[in-house]
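Report on the following structure.
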Amino acid sequence: MSFITLTTDFGTKDHFVGAVKGAIYSELAEAKIVDITHEISPFNITETAYILKNSYKSFPDGTIHIVGVDSELSEDNKHIAMELDKHFFVCPDNGIISMIASEIKPTKIVEINIHDRVESSFPVLDVFVQVACFIARGGNLTVIGKEITEFKKLIEIQPKVNQAQTQIIGGVVYIDNYGNVITNISKKMFNDIGKGRAYKVTISRYSFKKIYKKYNEIVGNNSEDARQFDGNKLAIFNSAGFLEIAIYRSNLNTVGGASSLLGLEYRDPIIVEFFTETKTEYTLLS
0 MSFITLTTDF
10 GTKDHFVGAV
20 KGAIYSELAE
30 AKIVDITHEI
40 SPFNITETAY
50 ILKNSYKSFP
60 DGTIHIVGVD
70 SELSEDNKHI
80 AMELDKHFFV
90 CPDNGIISMI
100 ASEIKPTKIV
110 EINIHDRVES
120 SFPVLDVFVQ
130 VACFIARGGN
140 LTVIGKEITE
150 FKKLIEIQPK
160 VNQAQTQIIG
170 GVVYIDNYGN
180 VITNISKKMF
190 NDIGKGRAYK
200 VTISRYSFKK
210 IYKKYNEIVG
220 NNSEDARQFD
230 GNKLAIFNSA
240 GFLEIAIYRS
250 NLNTVGGASS
260 LLGLEYRDPI
270 IVEFFTETKT
280 EYTLLS
């Protein structure tokens with residue numbers, strides 16, 4: 000049985016998702032289709048990259064991931080199929096794969112060339128489905144495209160480190176369902192650059208002197224009256240290993256999340272500053 004995942008910005012109101020699933024079953028009746036999400040913000044490549052990076056590894060080796068965000072074919076937006084980390088990705092070449100491929104080198108990439116036989120304004124349905132089902136049957140990637148070595152890389156997905164190795168300059172790449180603000184600074188990068196030094200995290204007009212290991216750590220020894228901490232802001236490395244700015248026990252219907260309460264938005268810059276000298280007011284990440 001082949002697993003085929005779908006990640007799109009189609010939403011669920013229209014016919015698009017249903018049509019894609021129907022086309023997959025028509026081609027490959029035994030396929031197992033899993034929706035990662037169809038609620039990507041329209042055309043948001045960075046958001047797609049973050050969600051894809053933190054979901055694909057949970058699937059078995061050999062899973063095929065169809066990605067339908069900003070997928071209309073053009074001279075600047077080719078279609079590619081890629082084998083990477085024992086998974087397959089069928090997607091536009093618009094930088095979506097950057098966050099995954101920055102750490103793991105693709106085994107093989109091809110530029111899909113079946114468009115000569117398929118005229119389509121809905122390539123996810125008419126092209127990506129055919130390619131995914133072909134791969135699921137054991138087909139070789141080179142049959143559906145010419146092998147290439149390069150793909151588009153999104154510079155904004157990757158944080159920068161200054162020459163003195165005293166700052167990481169990143170940005171907001173995603174705002175989750177709780178209103179938490181996710182940045183592109185990973186715990187690995189933080190530890191590799193920080194090397195145990197004291198630090199300060201700054202985003203907009205807010206600064207943080209501690210990065211928590213889990214959300215309820217902010218309560219400390221006050222568990223009997225934990226409600227007094229509701230609405231407090233905190234910095235944490237989330238389950239995906241990325242630096243996140245959150246509101247403790249936020250409720251979007253009443254209190255609001257970090258994005259709305261702190262006025263933080265997609266692409267806002269965040270800076271982690273490291274200090275060589277000992278600064279006892281900053282708590283080190285253990």
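In numbering that gives the first Met the number 0, the protein residues as written are 0 to 285. Ideal Cβ placement from N, Cα and C applies to all residues, glycine included. Fair warning: this is a prediction, and the values are worked out from it, not measured in the lab.
Residue i: which of the options sits nearest, CA to CA?
i, options, result
"residue 244", "127, 207 and 92", "207"
"residue 286", "145, 14 and 214", "Missing from the structure shown is residue 286; the chain here goes from 0 to 285 and no further."
"residue 140", "79, 55 and 31", "79"
"residue 97", "49, 124, 136 and 107", "49"
"residue 27", "2, 43 and 36", "2"
"residue 218", "197, 246 and 195", "246"
"residue 175", "259, 143, 21 and 102", "259"
"residue 42", "83, 89 and 93", "93"
"residue 232", "180, 187 and 45", "180"
"residue 127", "58, 16 and 102", "16"
"residue 74", "87, 59, 91 and 83", "91"
"residue 25", "143, 124 and 274", "124"
"residue 152", "146, 120 and 99", "99"
"residue 144", "102, 248, 89 and 192", "89"
"residue 103", "120, 52 and 113", "52"
"residue 192", "205, 83, 142 and 163", "163"
"residue 188", "12, 159 and 248", "159"
"residue 142", "150, 120 and 113", "113"
"residue 83", "150, 196 and 13", "150"
"residue 216", "136, 248, 31 and 72", "248"
Taking 9 Å as the cut-off, decide whether the C-beta atoms of residue i and residue j are in contact.
i, j, result
"residue 122", "residue 70", "yes"
"residue 235", "residue 265", "no"
"residue 47", "residue 33", "no"
"residue 272", "residue 129", "no"
"residue 85", "residue 61", "yes"
"residue 109", "residue 267", "no"
"residue 168", "residue 161", "yes"
"residue 6", "residue 19", "no"
"residue 65", "residue 131", "yes"
"residue 81", "residue 56", "no"
"residue 257", "residue 178", "yes"
"residue 134", "residue 87", "yes"
"residue 95", "residue 63", "no"
"residue 101", "residue 147", "no"
"residue 173", "residue 274", "no"
"residue 4", "residue 54", "yes"
What span of residues does the alpha helix (DSSP H) with residue i cover, start to end?
i, result
"residue 189", "186-193"
"residue 88", "Residue 88 -> not in any alpha helix (DSSP H); beta strand (DSSP E) instead, spanning 86-91."
"residue 261", "257-261"
"residue 163", "It is not in any alpha helix (DSSP H) - residue 163 carries neither H nor E in the DSSP assignment."
"residue 100", "97-100"
If residue i sits next to residue j, beta carbons under 8 Å apart, how far is it from one beta carbon to the other, in whole angstroms?
i, j, result
"residue 10", "residue 38", "7 Å"
"residue 242", "residue 201", "The Cβ separation is near 12 Å, so there is no contact."
"residue 203", "residue 255", "Actually they do not touch by this definition, with Cβ atoms about 15 Å apart."
"residue 184", "residue 111", "34 Å between Cβ atoms; not a contact."
Give the range of the beta strand (DSSP E) segment to which residue i is assigned.
i, result
"residue 206", "205-207"
"residue 198", "197-202"
"residue 268", "268-274"
"residue 107", "107-111"
"residue 14", "Counting along the chain, residue 14 falls outside any beta strand (DSSP E), and DSSP gives it neither H nor E."
"residue 235", "232-236"
"residue 79", "78-83"
"residue 244", "241-246"
"residue 2", "2-7"
Counting only runs that start and end within the region 19-64, where is the beta strand (DSSP E) found for 3 or more residues in a row? Taking only runs of at least 3 residues, the beta strand (DSSP E) segments lying wholly in the region 19-64 are 31-36.
Give the list of continuous beta strand (DSSP E) stretches no shorter than 3 residues that lie fully inside the region 134-163. The region 134-163 contains these whole beta strand (DSSP E) runs: 144-147.
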